[in-house]
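> This is the structure I have questions about; it appears just below.
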Amino acid sequence: MQALAELWSKTEDVFASGLLAPVFAWLGIAKYMGDPAEIAQFFMVNAIQIGIIGFLFRPLESILPQEPWPDRKATRIDLFYTLLKEFGLVPLFTFVLLLPVSNWLGEKLGLTGGDTTLIEDLVPWLKDYPLILFALYFAIFDLTQYVIHRLQHALPWWWALHSLHHSQRQVNCWTDDRNHMLDDVLEAVIVGSVGLALGVPAGQFAILILMGRLVENFSHANVRIRFGPFADKLVVDPLFHRLHHMRADPRDPINYNCNFALVLPVWDIMFRTALYGEEPRPCGVDDPDIDADNQRSWLGQQIAGFQRFFRALRSSWRREPAP
């Protein structure tokens, strides 16, 4: 793990000091862009992720498809979402606003610049076991994502945004990034705040995020691959997550709210939301307004998501308190 972190750090330094810093200085925007190393790290993670999806997961969808599709037209917009999220709007938001604010807040609260992390301060002996410490970080982040995901489905205003993700009928290896902008921002703020509070080193944070994203991308892939009756209790596989995306069955409505975990199914098992032993059903959302996202452009989907969001807020404000 240490050797991997050192290699990552050296590559990041070359990218940051040899390319990004000179470009930012030439454009006169260096003071607005934050630390070039953090920006380099972000793009390195994203480039690796997209390469693995495109050259491994996508071919597997053609070789071992779970659902045979006459064409993949509906999946193209998901690829656009991925490219936009990894190299477009989300980086712009992250580096112009989120990182400067988080760095400032970390300095004010004394959460940055220390030699140890919060967990190392609480359990000092863990410093001698970096793999255990890394696994603990990963579990905390995955539990955070599980809680976020439960809230995305439980809170009407958040579901109004998250439903865009579920509207896709052809769930595929690019679908993980098919999200409303505001949904992405809320999730990024929460996950980033957890990382800031824990004081996770930047290099380890990047590896944590990359590992989690790759599992999420593969779990969305349209592949006929199972991890087996033991391994599928350890890591989310494509069937486990496809059951989460299945359209609700009026004859069995409870099963629709299942399998919220992104990487570790243990959270679903612990909180009794795990569903095993079912065959996959068609994906999507029966609500006609949400299903109409499949005929909308990227901009149309974003606008429709905002409209659902504000309708949900107005509905909650108008609701009379119970006597």
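When the count follows numbering that gives the first Met the number 0, it moves up by one through the sequence shown with no breaks and lands on 322 for the last residue. Beta carbons are placed, not taken as given, at the ideal position from N, Cα and C, and that holds for glycine. From a predicted model like this one, the values you see are computed outputs, not experimental measurements.
Can you look up Gly-17 in the DSSP assignment and give me helix, strand or coil?
Counting from one through the sequence shown, the residue named residue 17 turns up at place 18. Gly-17 falls in the helix class under three-state DSSP.
> Measuring alpha carbon to alpha carbon, tell me which residue in Ile-289, Arg-307, His-219 and Gly-283 is nearest Gln-65.
By one-based count along the sequence shown, residue 65 stands at place 66. Taking only the C-alpha atoms, the option nearest Gln-65 is His-219.
> For Leu-163, tell me which candidate among Ser-16, Leu-233, Pro-123 and Asn-178 has the shortest Cα-Cα distance.
Within the sequence shown, the letter at position 164 stands for residue 163. Of Ser-16, Leu-233, Pro-123 and Asn-178, the residue nearest in Cα terms is Asn-178.
> Smallest Cα separation from Arg-212: which of Tyr-275, Gly-50 and Ala-29?
For this step, residue 212 is matched to residue 213 along the sequence shown. The option with the nearest alpha carbon to Arg-212 is Gly-50.
> So, is Glu-11 buried or exposed, given that buried needs 16 or more other C-beta atoms within 10 angstroms?
The count along the sequence shown starts at 1 and reaches residue 11 at position 12. With 16 or more Cβ atoms within 10 Å of its Cβ, Glu-11 is classed as buried.
> Quick one: what's Cys-282 bridged to in DSSP?
Counting from one through the sequence shown, the residue named residue 282 turns up at place 283. Its beta-bridge partners are Met-245.
> Measuring only the C-alpha atoms, how far is Phe-309 from Val-190?
One-based indexing of the sequence shown puts residue 309 at position 310. One-based indexing of the sequence shown puts residue 190 at position 191. Straight-line Cα distance between these residues: approximately 24 Å.
> What would DSSP say about Ala-321, mapped onto helix, strand or coil?
Counting from one through the sequence shown, the residue named residue 321 turns up at place 322. Interpretation of Ala-321 is limited by its pLDDT of 47, a score under 50 that renders its predicted location unreliable; the figure taken from the coordinates is listed afterwards. The answer is coil: DSSP assigns Ala-321 none of H, G, I, E or B.
> May I ask which residues mark the beginning and end of the alpha helix (DSSP H) holding Gly-227?
Here residue 227 refers to the residue found at position 228 when the sequence shown is read from its first residue. It spans 227 to 230 - the alpha helix (DSSP H) in which Gly-227 sits, taken as one unbroken run.
> Please state whether DSSP places Asn-216 in a helix, a strand or coil.
Mapped onto the sequence shown, residue 216 falls at position 217. Three-state result, Asn-216: helix.
> Which residue wins for smallest C-alpha separation from Pro-228, given the options Val-22, Ile-47 and Phe-239?
Here the question's residue 228 lines up with position 229 in the sequence shown. Of the candidates Val-22, Ile-47 and Phe-239, the one whose C-alpha sits nearest the C-alpha of Pro-228 is Phe-239.
> Taking Cβ positions, are Trp-68 and Gln-151 nearer each other than 8 Å?
Here residue 68 is taken as the residue at index 69 of the sequence shown, counted from 1. Here residue 151 is taken as the residue at index 152 of the sequence shown, counted from 1. In this structure, Gln-151 does not lie closer than 8 Å to Trp-68 by Cβ.
> Indicate the three-state DSSP secondary structure (helix, strand or coil) for Glu-85 in the structure shown.
The residue you call residue 85 lines up with position 86 of the sequence shown. In the structure shown, Glu-85 sits in a helix (DSSP, three-state: H, G or I).
> If you scan the stretch 148 to 227 from start to end, which runs of the alpha helix (DSSP H) of 4 or more residues do you find wholly inside it?
As far as the stretch 148 to 227 is concerned, its whole alpha helix (DSSP H) runs of at least 4 residues are 155 to 165, 180 to 197 and 201 to 219.
> Measuring straight from C-alpha to C-alpha, what distance separates Ala-321 and Ser-315?
What you label residue 321 is simply residue 322 of the sequence shown in a count that begins at 1. What you label residue 315 is simply residue 316 of the sequence shown in a count that begins at 1. Low per-residue confidence applies at Ala-321: pLDDT is 47, beneath 50, and the placement is therefore not dependable, though the value from the model is reported in the following sentence. Rounded to the nearest angstrom, the two C-alpha atoms are 13 Å apart.
> When DSSP labels each residue in this structure, what does Trp-7 get in the three-state scheme?
For the purposes of this step, residue 7 is identified with residue 8 of the sequence shown, where counting begins at 1. In the structure shown, Trp-7 sits in a helix (DSSP, three-state: H, G or I).
> Under 8 Å, with one C-beta from each stretch per pair, do the stretch 142 to 161 and the stretch 39 to 53 reach the 3-pair mark?
No: the two stretches stay apart, fewer than three of their Cβ pairs being nearer than 8 Å.
> Quick one: using the 10 Å Cβ neighbour count with 16 as the cut-off for buried, is Gly-17 buried or exposed?
Within the sequence shown, the letter at position 18 stands for residue 17. Burial call: exposed.
> According to DSSP, is Pro-35 part of a helix, a strand, or is it coil?
On the sequence shown, residue 35 is found 36 positions in, with the first residue counted as 1. Here Pro-35 sits in helix by DSSP.
> Taking the straight line between their C-alpha atoms, what separation do you get for Asp-127 and Trp-173?
Looking up residue 127 in the sequence shown gives position 128. Looking up residue 173 in the sequence shown gives position 174. Roughly 38 Å between the two C-alpha positions.
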